[in-house]
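0 is the number of the first residue of the sequence shown in numbering that gives the first Met the number 0; add one for each residue after it.
Glycine is no exception: its CB is placed at the ideal position from the N, C-alpha and C atoms.
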Amino acid sequence: MKLYLDTSTAVTILRLDDKEYTWESGRELAEGLLRFIHERLVENGKDFKDISEITFMSGPGSFTGLRIGAAVVNALAHELGVPLKNHHGETVPIIIPDYGRPANITAPKK
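Right, dumping it as structure tokens:
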């Protein structure tokens, strides 16, 4: 089963083969992303071990959303031993998010 994931906005998009699912993840992405993926797999009678390929929309987009999504797909692809592709269809060893601009990181207040 091919998995496609887009966490670049507050609405997460997951495709499992030809089925598409959306989730208004908002600030719950880090806590709920793996659960969301697993629940959709179970709905299709599948489990993580049935994933044969992972594609990730690597950006541009939300700094935090892309970091969380990239961490999840990098870990899944590594542990499952499946090909990992960016949204251009290129097979890559790891996903490096493309934020579309430099990160807006504020200086510590101390």
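Checking the DSSP bridge columns, you'll see Val10 partnered with Glu23. By the criterion of a C-beta distance shorter than 8 Å, Gly25 is surrounded in its chain by Ala9, once the five residues flanking it on both sides are discounted.
Taking Gly68 as reference, the option from Pro101, Lys18, Asp97 and Ile104 with the minimal CA-CA separation is Asp97.
Ranked by Cα distance from Lys18, the options Leu32, Ser51, Glu42 and Leu75 are led by Glu42.
Annotation: the continuous beta strand (DSSP E) that includes Glu52 extends over Glu52 to Phe55. In its chain, beyond the 5 residues on either side, Ile53 and Leu83 have a beta carbon closer than 6 Å to the beta carbon of Ala76.
Rounded to the nearest angstrom, the gap between the Cα atoms of Met56 and Ala106 is 29 Å.
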